[in-house]
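Visitor:
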Amino acid sequence: MTTPLVFAHRGASYDLPEHTLAAYLRALDEGADGLECDVRLTRDGHLVCVHDRRLDRTSNGHGLVSARTLAELDALDFGSWHRADAPADDDPLDESHTRLLTLERLLDAVRSAGRPVRLLIETKHPSRYRGEVERKLVALLRRHGLAEPRPDHPVQVTVMSFSPLAVRRIRELAPALPTVLLLEVLPRWWPVGRLPFGSRIAGPGVDLVRNRPRLVPALRAAGNSVYVWTVNEPADLELVLATGVDGVITDRPAHALARLGR
Numbered sequence: 156m157t158t159p160l161v162f163a164h165r166g167a168s169y170d171l172p173e174h175t176l177a178a179y180l181r182a183l184d185e186g187a188d189g190l191e192c193d194v195r196l197t198r199d200g201h202l203v204c205v206h207d208r209r210l211d212r213t214s215n216g217h218g219l220v221s222a223r224t225l226a227e228l229d230a231l232d233f234g235s236w237h238r239a240d241a242p243a244d245d246d247p248l249d250e251s252h253t254r255l256l257t258l259e260r261l262l263d264a265v266r267s268a269g270r271p272v273r274l275l276i277e278t279k280h281p282s283r284y285r286g287e288v289e290r291k292l293v294a295l296l297r298r299h300g301l302a303e304p305r306p307d308h309p310v311q312v313t314v315m316s317f318s319p320l321a322v323r324r325i326r327e328l329a330p331a332l333p334t335v336l337l338l339e340v341l342p343r344w345w346p347v348g349r350l351p352f353g354s355r356i357a358g359p360g361v362d363l364v365r366n367r368p369r370l371v372p373a374l375r376a377a378g379n380s381v382y383v384w385t386v387n388e389p390a391d392l393e394l395v396l397a398t399g400v401d402g403v404i405t406d407r408p409a410h411a412l413a414r415l416g417r
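Using the numbering used here, the first residue of the sequence shown is number 156, and each one after it goes up by one.
1) For the segment 276–339, list the beta strand (DSSP E) runs that are entirely contained and at least 3 residues long, ordered along the chain.
2) Report the rounded CA-to-CA distance for P159 versus D401, giving the unit in angstroms.
3) Could you pull the start and end residues of the alpha helix (DSSP H) that A163 belongs to?
4) Whole angstroms is fine: what's the gap from D184's alpha carbon to A167's?
5) Pull up the distance between the alpha-carbon of K279 and that of R417, whole angstroms please.
6) Short check: CB of V403 to CB of I276, under 7 Å?
7) Excluding the five sequence neighbours on either side, which residues of its own chain have a C-beta within less than 6 Å of the C-beta of R407, listed in chain order?
8) For a test of your reading of the model: does the CB of D249 fall under 6 Å from any non-hydrogen atom of the ligand FAD? Yes or no.
9) Taking the straight line between their C-alpha atoms, what separation do you get for A390 and L396?
10) So within the segment 174–242, which uninterrupted alpha helix (DSSP H) runs reach at least 4 residues, ignoring any that extend past its ends?
11) Quick one: any contact between the segment 170–180 and the segment 222–231, if contact means 3 or more CB pairs under 8 Å?
12) Any contact between the segment 209–227 and the segment 293–302? By contact I mean 3 or more CB pairs, one from each, below 8 Å.
13) Thinking C-alpha only, which one of R298, V272, E327, A222 is nearest Y284?
14) In its own chain, which residues sit with a C-beta less than 8 Å from the C-beta of G348, not counting the 5 before and 5 after it?
15) So which of L350, N366, H410, E393 has the shortest CA-CA distance to V381?
16) If I measure Cβ to Cβ from A268 and keep anything under 7 Å in the same chain, skipping five residues before and after, which residues do I get?
17) Would you mind sorting P333 into buried or exposed? The rule is 16 or more other CB atoms within 10 Å of its CB.
18) Please report the distance separating the alpha-carbon of G353 from that of P304.
19) Could you check if L262 is buried or exposed, using at least 16 other CB atoms within 10 Å of its CB as the buried criterion?
20) For T224, count the other beta carbons within 10 Å of its own beta carbon; 16 or more makes it buried, fewer makes it exposed. Which is it?
21) Going straight from the alpha carbon of K209 to that of S282, what length do you get?
Structure, rendered in C-alpha cells:
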C-alpha cells in the first residue's frame, strides 16, 4: 500500500494560528509533504489566506474580508486569538509571522523551502467576486511559473473547491493544473466514483468517509486519487489509512508523520 501524503491544513494549525506564516513554517520544519490554504479576494484584488468570510474569529477585526483592502487587513492581528491558554513561558511568535498572509508571500516561502513541497489551494465560494477568484489565482500562478506543472519543479500546485463551477473555471483557465472536488456530502445526482470537469482527485471529509465506507474504494476503483480532510484524531487517522487514501489533510502534521514512521 502506498504511503499517503501528509498535508498541513492551514499550516500546523493545531499548534499555531491558522493561515499564518508561522504555522506554515512549522509544518515545513516538521516535514509535511504539502500545505493547504484557503484564498479569498480583498476589495482591491489581492489573494489572501483566510478561511472565513468574516474576520471576527481569526483576527481582532470585524466584517467581511472581501470588503477590506489589503492595507486595512495588514493592520490587523491574526495571531493573538489562538490558544490564549498557552503557557506564559512559551516563546513569543515573531509578529511578522502572525500578520495577514498573502498567497504571494506563502508561495515565496514554499519556493524557499529547499525541498519538494505540494501546495493545495482552496478557492472559497460563494464570493461576491465569483470567477475573479480563479482568474486572479491562475494569473498569480503563471507569474510564478506554477500554472503548468513540471516534474522537475520542486513546487507542485493543486487547486481545490467545494464548487464544481470553480473547478470547471480552473480547468478552462489552466487545463494542466490538477483539481480536487471537495465533498462534505454526496449529492444525489452524483454517480459515485465519477468526478466532474476533468478532476481526478476527490476530497471527502472524514465524516463522509466514516459514514460511507464504500466511498473511497469506489473512487479509487474509478481511477481517482483521494485526499481526506480534516484528519486530527488517532481513530480517524487509522480509519483513513485503512481505506488506502492518497493524502491526509490534518491540523497536526507531526502526529500523522509520526504514525507513518516518517
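Backbone N, C-alpha and C define an ideal beta-carbon position, used for all residues, glycine too.
Guide: Considering the structure as presented:
1) 310–316, 334–338
2) 5 Å
3) Premise fails: A163 lies in the beta strand (DSSP E), 160–164, not in any alpha helix (DSSP H).
4) 10 Å
5) 32 Å
6) No.
7) Y169, N387
8) Questions concerning the ligand FAD fall outside what the structure shown contains, since it holds no ligand whatsoever.
9) Rounded to whole angstroms, A390 to L396 spans 10 Å at the Cα level.
10) 176–185, 225–229
11) Verdict: no, contact absent.
12) Between the segment 209–227 and the segment 293–302 there are fewer than three C-beta pairs closer than 8 Å, too few to call the two in contact.
13) A222
14) Only A373, L374, A376, A377, N379 meet the Cβ criterion.
15) L350
16) L183, listed in sequence order.
17) It counts as buried.
18) 16 Å
19) buried
20) exposed
21) The question names Lys, but residue 209 in the sequence shown is Arg. In a straight line, the C-alpha of R209 is about 12 Å away from that of S282.
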